[in-house]
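Student: Residue numbers (the working numbering): 1074 to 1515.
We put the CB at the ideal spot given by N, CA and C, even for glycine.
What you are looking at is a predicted structure, and each value in this text was computed from that prediction instead of being measured.
1. Using the Cβ count rule (16 or more neighbours within 10 Å means buried), how would you classify residue 1438?
2. Tell me which same chain residues have a C-beta within less than 7 angstroms of the C-beta of residue 1494, skipping the five on either side of it?
3. Between which two residues does the alpha helix (DSSP H) holding residue 1393 run?
4. Can you give the Cα-Cα distance for residue 1411 and residue 1342, rounded to whole angstroms?
5. Using the C-alpha atoms, what's the distance from residue 1113 back to residue 1256?
6. Using the C-alpha atoms, what's the distance from residue 1254 back to residue 1300?
7. How long is the line joining the alpha carbons of residue 1340 and residue 1295, rounded to whole angstroms?
8. Rounded to whole angstroms, what is the Cα-Cα separation between residue 1162 and residue 1203?
9. In terms of alpha-carbon separation, which member of 1386, 1328, 1210, 1421 lies closest to residue 1491?
10. Taking 8 angstroms as the cut-off, does the stretch 1210-1221 touch the stretch 1130-1138 (at least 3 CB pairs, one atom from each stretch)?
11. Residue range of the alpha helix (DSSP H) that residue 1114 falls in?
12. Any chance the stretch 1194-1208 sits against the stretch 1231-1240, with 3 or more Cβ pairs inside 8 angstroms?
13. Can you round the beta-carbon distance between residue 1109 and residue 1346 to whole angstroms, since I take them to be within the 8 angstroms contact cut?
14. Rounded to a whole number of angstroms, what is the C-alpha to C-alpha distance between residue 1479 and residue 1146?
15. Give every residue of the same chain whose Cβ lies closer than 6 angstroms to the Cβ of residue 1350, excluding the five residues on either side of it in the sequence, and list them in chain order.
16. When the distance is taken between beta carbons, is residue 1218 closer than 8 angstroms to residue 1176?
17. From 1266, 1363, 1169, pick the residue whose C-alpha is nearest to that of residue 1298; which is it?
18. Spatial neighbours of residue 1232 within its chain, please: C-beta separation below 7 angstroms, excluding the five flanking residues on both sides.
19. Would residue 1336 and residue 1118 qualify as a contact pair, given that the criterion is a beta-carbon distance under 8 angstroms?
20. Where do the ends of the alpha helix (DSSP H) carrying residue 1469 lie?
21. Check each candidate in 1358, 1371, 1276 and name the one with the smallest Cα separation from residue 1224.
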């Protein structure tokens, strides 16, 4: 039975409604994980390090999709809560078109600056060429990537989270199958991995358009778009925290790689890459929950159901606490076998990865609270508070930690920097939630 945004959400109903979004985000993360797995084991350590080095740039070029998806779905869900479905469809259609056009422009810009960026990050010789080859193939399909990120949020606002999951699963399976064929069988190396990702993103970004163009039983449908500068501005400002989170996270990754090249050379970058692939799967569970619950919060905010807002905040806090403890314990226990999957061919590199992963896993205890806190304010259409949490958490606190801690703890300081940043960000999240409690009535 379909769960409607207007319902009262118990723990069970909240989990059932957000589960498709969580699984959807896990499958989305599989793209880069599968690429890294095949590149590392079939192409070698240098191509694997190249993918890890240039990945932050690719995440930045896809970040506008998260901004438009989260910021736009909050506006659309609020409009639905106000009982104006036709206006919601107009907002939705315009934002999808804006996302596709923006994706093409950002992709071209990223491709033009790939080589100097990779060079500035420390890539030389063969690694530099691998970075350029992989990035330019991926960026050619950047509109697909942007649209896929956008539809992840809008499927939830349309009360069709399971359908969004199906499209994402299809894209993930496409990527895995093509990686096995192009990299594992045909041995096309890093180019094969990039082509597999591009084709899988086409599945996740283009097929949903066909669904929303046709008559359907969801809350949303694509109609003739009309330019709406005010809605675009509100979407961008409201979703700026998600944009900032993606961009600043990528900038921080570049800084991590810079420090690791200095402290441990190519092995440090490879170890960080393996940790990030696995860590991303853990982190997207929190992100998926935040994306899945955001339209519910926006709807009840638009409908002025303050008791429901209070209930959603309380339940989400409990769920994030339980999930954080479980994932930290699981990550520490599984660090060795997970590391061997990626870099088991090199014992020294594997040992470095295992230690780094165990220290990094401590951050899972706290990150769920901060991710949800930022998303909660986005859902309430308070882009400023959301952006403050995101900006401090993903950029300022992490940059400071990764620059200062290695001075005293060497390479261990790099792995622990994320946990220190999460502690500082949690303090900010708690302060902002308390400060705005009376404003929103939660």
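Tutor: The short version:
1. Residue 1438 should be labelled buried.
2. Within the same chain, residue 1494 has close Cβ partners 1466, 1470, 1471, 1474.
3. Start and end: 1379-1406.
4. The alpha-carbon of residue 1411 is positioned some 17 angstroms away from that of residue 1342.
5. CA-to-CA, the gap between residue 1256 and residue 1113 works out to about 10 angstroms.
6. If I take the Cα positions, the gap works out to 43 angstroms.
7. Rounded to whole angstroms, residue 1340 to residue 1295 spans 48 angstroms at the Cα level.
8. If you take the alpha carbons of residue 1162 and residue 1203, they lie about 43 angstroms apart.
9. Measuring from the Cα of residue 1491, the nearest candidate turns out to be 1328.
10. Yes, since at least three Cβ pairs between the stretch 1130-1138 and the stretch 1210-1221 fall closer than 8 angstroms, the two stretches touch.
11. First-last for residue 1114: undefined, no H or E at that position.
12. Taking 8 angstroms as the limit for Cβ pairs, the verdict is that the stretch 1231-1240 does not touch the stretch 1194-1208.
13. Correct: roughly 6 angstroms between the Cβ atoms.
14. Spanning the two alpha carbons is a distance of roughly 40 angstroms.
15. Cβ neighbours of residue 1350 beyond the five flanking positions: 1106, 1109.
16. Yes; because the gap between Cβ atoms is below 8 angstroms, this pair is in contact.
17. Measuring from the Cα of residue 1298, the nearest candidate turns out to be 1169.
18. Cβ neighbours of residue 1232 beyond the five flanking positions: 1075, 1077, 1078, 1291, 1292.
19. Residue 1336 is not a Cβ neighbour of residue 1118, given a cutoff of 8 angstroms.
20. From DSSP, residue 1469 is part of no alpha helix (DSSP H); its letter is neither H nor E.
21. Of the candidates 1358, 1371, 1276, the one whose C-alpha sits nearest the C-alpha of residue 1224 is 1276.
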